[in-house]
Structure formats: structure tokens, C-alpha cells
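**Q** Quick note on numbering: the sequence shown equals residues 60 to 185 in this note's numbering. Mind looking over this structure? Questions follow.
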Amino acid sequence: MWSEMSDWIPWNWTALTAVRDPNHRKDPGHSVRFHKYAQKECVLRWAKKTRDVSYQGHPIRIFEDFSATLAKKRATFNKVKSLLFKDGIGFGLSYPARLRVTINGQTHMFDSAEDAECFYRAHCSK
């Protein structure tokens, strides 16, 4: 069996890594995979609540990994989010890509950036 596999798998392989400038100290990002969903959610909630996480004086940033498609869809809300932020209006993004806007104690949910911008122009713009 091993002799057959040696045709497929090079046993003496070496990992290829990027050559980094020794003067450039920024560390590349690292990915962590959790075996249990509840643990992942616990870490993400803790990181969001704690905000300034560091190890030996170096800042650590913890983000949830989204697919490229989902990240692009979430990015479509950036313009309206900046407008809401300038006006001091509470907002947040819910999974997968829904904008939550809270005005005068009322919460409004939007699935598209266009709907959110129309709402902003009608109710929030000064």
C-alpha cells in the first residue's frame, strides 16, 4: 500500500512559504478552526466585548471568516453605514448580510443597501 501511495504523495516535501523582509515586523494572519460552534461563538462574543486584546504587548484582532461573496455583500452597506455613523444613529450588521438600524427605539432591518439608503434619505438625512 505504501509503495502505491508514494507515487501520489511526495514524502520528502517541504512547505513553501513567502520570503519575508526581516525589517518588516508585521505578522501574517493566522486562522483558527474550532471543533465546536459554541466555542467559536463564545470566543467571538468575548473578543467583541473585550475590544483591546493583546499578547505580550502585541495587539490581537479576532474576526469571523466570511466567504468572499458574503464579504462583498456585507461591504455594500459601507456607504449607508458611514452616513448613519456621521449622524450618530445606531446600526449593526446581522448574519449573513442584514443591516439593523435603530431610531427612536424602533429597529428596522434591511436586506439591501439600496433599501437602507432610501430609508436613510426619507427618515434620517438632515
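For every residue, glycine included, the Cβ atom is placed at its ideal position computed from N, Cα and C.
1) Count the other CB atoms, across all protein chains shown, that sit within 10 Å of the CB of L158; report buried if there are 16 or more and exposed otherwise.
2) Classify A134: buried if its beta carbon has 16 or more other beta carbons within 10 angstroms, exposed otherwise.
3) Per DSSP, what kind of secondary structure is T135 in: helix, strand or coil?
4) Would you kindly work out how many angstroms separate the C-alpha atoms of A97 and R104, rounded to a whole number?
5) Decide if M64 is buried, meaning its Cβ has at least 16 other Cβ atoms within 10 Å, or exposed.
6) Give the range of the beta strand (DSSP E) segment to which R157 is assigned.
7) Between which two residues does the beta strand (DSSP E) harbouring H167 extend?
**A** To lay it out plainly:
1) As a working note, residue 158 is residue 99 in the sequence shown. So L158 counts as buried.
2) As a position in the sequence shown, residue 134 is number 75, starting the count at 1. By the neighbour-count rule (16 or more Cβ atoms within 10 Å), A134 is not buried but exposed.
3) Here residue 135 refers to the residue found at position 76 of the sequence shown. In the structure shown, T135 adopts coil according to DSSP, grouped into three states.
4) Here residue 97 refers to the residue found at position 38 when the sequence shown is read from its first residue. Here residue 104 refers to the residue found at position 45 when the sequence shown is read from its first residue. One C-alpha to the other measures close to 11 Å.
5) Translated into the one-based positions of the sequence shown, residue 64 becomes position 5. Only weak support is given to the placement of M64: the predicted model assigns it a pLDDT of 46, under 50, and the question is left unresolved by the model.
6) In the sequence shown, the residue the question calls residue 157 occupies position 98. Where R157 is concerned, the enclosing beta strand (DSSP E) stretches over 157 to 162.
7) On the sequence shown, position 108 is the one that residue 167 refers to. From DSSP, the beta strand (DSSP E) with H167 extends over 165 to 169.
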